[in-house]
Every structure is written in structure tokens, then in C-alpha cells.
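Each remark here refers to the structure printed beneath this line.
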Amino acid sequence: MLEVQRLSVNYGPFRALHDVDLTVQEGEIVVLLGANGAGKSTLFRTLSGLQRPSAGTATWRGVPLTGGRPEFNVARGVALCPEGRLLFPDLSVEKNLRLGAFVHRRDAAGTERELGRVYDLFPDLVGKRHAPAGSLSGGQQQMVAIARSLMARPQLLLLDEPSLGLAPLVVEQVFAAISRVNASGVSVLLAEQNAFAALGIAHRGYVLEGGRVSLQGSQEALLGDDRVRSAYLGV
Amino acid sequence: MTILFQQLSNALALGGVYALVALGLTLVYGVMRVPNFAHGGLYMLGAYFTYAVLNGLGVPYVVALLIAAVAVALLAALLERLVFYPLRNAPHVHAMIAAIGVLFFFEAVVQRIWGADFKQIAEPIPGILNVGGVVITWQRLLVILASVLAMLGLNFFLKRTLTGATIEAMSQSREGARLVGIDVNRVGMLTFAISGALAAVAAALIAPIVSVAPSMGEVMNLKVFAIIILGGMGSVPGAIVGAFLLAFAEVFGGFYINLDFADVIGFAALVLVLAIRPQGLFRRGT
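So the sequence lines, in the order shown, correspond to chains U and P.
So in our numbering, spot 79 of the first sequence is number 81, and the numbers just go up one at a time.
So in our numbering, spot 219 of the second sequence is number 226, and the numbers just go up one at a time.
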């Protein structure tokens, strides 16, 4: 289980996260709602090890994630699919995916198996596997980004706004894939502005506002909450 | 016609040497995003190490070249640890100034040990090869073949091995590389080591043709920076094309116009390219 306790992150004098408490149980999809600048990406960068917190703890299955070393976190089963994707644009799709399995570089057979699995999940990528990742459409690049993080064979997948800038049909495809990944036993923490699609597949959710958790609850509770409905569902 | 072929072989040999030095510089820039002004110093040390090993140990030329390459590679990795790593979070200008300091330090140490005067390295295979009237010295042929071999080896390493892919990955997205679990410090050290080895090989190859002197690093620095700016900072094909462009401009310009103009022509080409394509020939404009 992911356990975040009283986590605070400062950028200089600016406090981006303030005493955040959050959990993800094994097998859950938990959605993180919030406007731009609410602290979603900061939380994800911290959980992945890119950013060190100024206070508080974050552990996955009891192992601390706050050492500031992403290679440690991904080797412990926590993979981030970041906002902006951070692909290797001039490398082929397949090379991007193989690099995603870098922590399993001594297990070639396992990497081949996983490669087959992610192509099965995103069949659109099969025909593009020799194309430079940067030449793909936004939706396909997002698929490469998710697939690359899956190549690390995570137990906890952190997805930062995977639907950003994608056409509705592609969003549907991406969310269906996330559901399938979760069904295979991977726990998921999903940041979204597209609250409706996200709550559709999530078990529970949190709302971040100004770096604090302002609301949390089950899927039904959040879908029925007036503040969520007006702020994030537009109804 | 014969003269043309001789100039061609001169240009190819010079271009091969420029390419090896420029490739290391562009790889390091791609990975660290810092121009390593000490790079010419590594090249100069490569020449002196070759000279010292040849005279001190009396080993064959190729062995001396390899020993120099390994020694400079280790030194370059150490340079990354001692100078660039501690400055990784400082403004870039700090690392640049430190690198210039390292260049002067290398020069001073070399001058203290070997003196300021020119040193000569004997050609391993003296004489010339004459094919139907076209004359090429064995050393130039060796330079051309060895530099092509080194470039093919580097290309194989970057494109076909996972470790090579980590270098390309890191130069394209540093954070993306960290997120997939690549240890960026290790890749940084490795890239420095490769750049040092390439510079030393280039220096050992050209040393029997030119003279070895402490100032050779500064001169080379100027040229390879021009080359990677020409080709696009961080671009591997750009470094190779830029290297041969500059070598051809220098050799043929020097021959057909005036030898004194050789350097001027090279830099005039640089100014021209920058006026038309400021990002360099092989870098996508952003």
C-alpha cells in the first residue's frame, strides 16, 4: 500500500504541497482531482523521487520513496508516467519501450514478454514501433509514455494527466487501457482534470486545492458531491 | 589531378581527427548540457601520453595509442566527478569557468613536465603509398582508416547496445531517463570517459603528422567548438558533417586561395551557417 503522511514540498519560499495525507490500497485505482497548480504534479514528482519533500513521509509497501533517487523508486515497483510524457523523441518507439525496462535489463525474456503485453494493450503502436517517438500523434505518444512506464513492471503506477490534450475517442481508449492494467493487479494513482472519465474507473478519490487535500471519498460520494460537480464535472 | 587527390587525403585525415574530437565534445554537451572547455586539454594530454609511453616504455605505436586512450578516459571520468558533478546544480557559467581553469591547469602541468618546446613522434609506418601516381603517406591512410573505424565503433555502441542507448536517452530527456531508472551520474561519467578516449585516439593519430605542444589543446578547442556549433550542439551526425566541412574548407581553401587564409575560410563558413541556421545544421529548431 502507498502511504503518504503529512507530506510537504517547498519550491524556495513557495509551499506547493501542505501536509498531504493519502493512501492507495493494493489493487485500487485512486483519482486525484485538482485544477492546474493545485499540486498534483508536485505530488507525483515527489512520489517518483524526482523531487525531495521538505517534510513528511511517503512509503510503498513500507519502503520510503523520498530519497530523491528515481532509479531506486522505479526498481521498487513505483513507476511514473509524467505530465508532458518526457519521451526520448528521436529514439524509436520500441527503443523507448525497451529503455522503460531498464531496471530489468538482466531479464531479457521478461522484457520481451512485457513488450508483447504492452503492444497487446496498445495495438496502434505495433505499426509505429520503428518510428521516432517524437513523430507520433499526441494520443499515440501518450500511449508510448504509459507503455514505457508499464515496461518497468510496476506494482504502483502513477499517471499524471494522461488525457491532457487528447481527442475524446483517444481518451476513452487510454482509460480502457488503464482499467485493464489495474485489473491485472497494478495499483494506480491517477491525476486528472477530466474528472468524469477518471471517476468512471476509480474506486476512490481525493481533491487537491492549493496544495492541500480539501476533500476525499469514494467514487459515488465524489460523483454526488456538489463542490466536485460544480468545480470538476461542469454540472 | 594528383594534387587534388593529395589534398583530398589531407582533408579526409584532418576531418577524421576533427570528427573524433568533436564527437566526444558533442556527446558530453548532449548529456551534461555544459560545454566542456577542458576538452582540448584532454586531446593535448592524449598526445603527450602517447609520446611519453612511446619513449618511456618503448612499446609499439598502437599499444601506446591504446594506453593513452585508457589513461585519458579515466582522467576524463575523474574530471566529471571532481569538477562537473559538484557544480551540477550551480549556474552553468560556473562549470564553464571551472573547465577553462582545468584546461590551463593541464597546460601548466604538461609544460612543467615536458617543457614548452615541440615534441616529435615518429611515424609508425614511415614512407608513402603510391597507387598509380596518387601519393598518400601511410600515416594519413592510418588516420583515415582508424578514425572511420572509431566512428563505426561509436555508432554501433550508441545504436545497438542498451548502455549506448542510455547516453542518447539522457541527452534527449534527462528526467525521462531518470524515471526509467537510468543512473544519470554513471552515464555522465561514462560519457566523459568516451569523450576522453576519442580525443586521445585523435591526438595519437595526428601527432606523427603535426608537432606536439602544450598549446595544441587550445587550438583544437577553437576548431571543435566551431564544428559542434556548425553541426548543432549535441548532434552526433552534425559533429561528423561539421568536422569534414571544416577540414575541407581549411585544406582546399588553403590550397586554392592562400595557406594563411585556411583558418579564416573555416570560420567564415561558420559565420555563414549561423547567419542562415542559428541552431546549427543538424539540430531541430525549437
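C-beta: ideal position from N, C-alpha, C; glycine also.
On a predicted model such as this, the values are computed, not experimentally measured, just so you know.
Expected contact under 8 angstroms - CB spacing of residue i and residue j to nearest Å
| i | j | result |
| --- | --- | --- |
| residue 36 of chain P | residue 241 of chain P | 5 angstroms |
| residue 90 of chain U | residue 180 of chain P | 6 angstroms |
| residue 71 of chain U | residue 144 of chain U | Contact flag wrong, Cβ pair sits at about 26 angstroms. |
| residue 186 of chain P | residue 174 of chain P | Not quite, the Cβ-Cβ distance comes to about 17 angstroms (not below 8 angstroms), so this is no contact. |
| residue 105 of chain U | residue 154 of chain U | 6 angstroms |
| residue 32 of chain U | residue 204 of chain U | 6 angstroms |
| residue 57 of chain P | residue 83 of chain P | No, residue 57 of chain P and residue 83 of chain P are not in contact; Cβ-Cβ is about 16 angstroms, not under 8 angstroms. |
| residue 212 of chain P | residue 176 of chain P | Wrong, their Cβ atoms sit about 30 angstroms apart, outside the cutoff. |
| residue 26 of chain P | residue 232 of chain P | So it is not a contact: roughly 14 angstroms between Cβ atoms. |
| residue 121 of chain P | residue 55 of chain P | 6 angstroms |
| residue 135 of chain U | residue 98 of chain U | 5 angstroms |
| residue 42 of chain U | residue 149 of chain U | About 22 angstroms; that fails the 8 angstroms criterion. |
| residue 195 of chain P | residue 38 of chain P | 6 angstroms |
| residue 189 of chain U | residue 157 of chain U | 6 angstroms |
DSSP beta-bridge partners of residue i
| i | result |
| --- | --- |
| residue 60 of chain U | U/6 |
| residue 56 of chain P | According to DSSP, which records beta bridges pairwise, residue 56 of chain P is partnered with nothing at all. |
| residue 16 of chain U | U/13 |
| residue 245 of chain P | Answer is none; residue 245 of chain P lacks a bridge partner. |
| residue 126 of chain P | P/219 |
| residue 137 of chain P | P/142 |
| residue 215 of chain U | U/210 |
| residue 24 of chain U | U/6 |
| residue 220 of chain U | U/206 |
| residue 94 of chain U | U/134 |
| residue 81 of chain U | U/159 |
Option in the options with minimal Cα separation from residue i
| i | options | result |
| --- | --- | --- |
| residue 45 of chain P | P/157, P/224 and P/246 | P/224 |
| residue 139 of chain P | P/74, P/235 and P/9 | P/9 |
| residue 279 of chain P | P/63, P/246 and P/236 | P/236 |
| residue 49 of chain P | P/169, P/18, P/86 and P/286 | P/86 |
| residue 101 of chain U | U/157, U/152, U/75 and U/62 | U/152 |
| residue 52 of chain U | P/189, P/107, P/64 and P/201 | P/189 |
| residue 246 of chain P | P/162, P/267 and P/220 | P/162 |
| residue 89 of chain P | P/228, P/199 and P/270 | P/199 |
| residue 290 of chain P | P/270, P/209 and P/249 | P/249 |
| residue 253 of chain P | P/17, P/12 and P/13 | P/17 |
| residue 82 of chain U | U/146, U/116 and U/64 | U/146 |
| residue 226 of chain U | U/126, U/198, U/213 and U/94 | U/198 |
| residue 127 of chain U | U/140, U/95, U/114 and U/113 | U/95 |
| residue 47 of chain U | U/120, U/36, U/160 and U/64 | U/160 |
| residue 24 of chain U | U/109, U/10, U/125 and U/119 | U/10 |
| residue 134 of chain P | P/125, P/126, P/123 and P/149 | P/149 |
| residue 219 of chain P | P/123, P/158 and P/178 | P/123 |
| residue 160 of chain P | P/143, P/284 and P/30 | P/30 |
| residue 220 of chain U | U/208, U/156 and U/110 | U/208 |
Secondary structure of residue i, DSSP reduced to three states
| i | result |
| --- | --- |
| residue 189 of chain P | coil |
| residue 195 of chain U | coil |
| residue 154 of chain P | helix |
| residue 188 of chain U | coil |
| residue 32 of chain U | strand |
| residue 229 of chain U | helix |
| residue 208 of chain U | strand |
| residue 170 of chain U | helix |
| residue 41 of chain P | coil |
| residue 254 of chain P | helix |
| residue 72 of chain P | helix |
| residue 66 of chain U | strand |
| residue 207 of chain P | helix |
| residue 102 of chain P | helix |
| residue 19 of chain P | helix |
| residue 10 of chain P | helix |
| residue 91 of chain P | helix |
| residue 118 of chain P | helix |
| residue 53 of chain U | coil |
| residue 286 of chain P | coil |
| residue 41 of chain U | coil |
| residue 28 of chain P | helix |
| residue 264 of chain P | coil |
| residue 35 of chain P | helix |
| residue 182 of chain U | helix |
| residue 194 of chain P | helix |
| residue 168 of chain P | coil |
| residue 214 of chain P | coil |
| residue 96 of chain P | coil |
**3-residue-minimum beta strand (DSSP E) runs that sit fully inside the stretch 103 to 166 of chain U, ordered along the chain** = Along the length of the stretch 103 to 166 of chain U, whole beta strand (DSSP E) runs at least 3 residues long occupy 158 to 162, reported in chain order.
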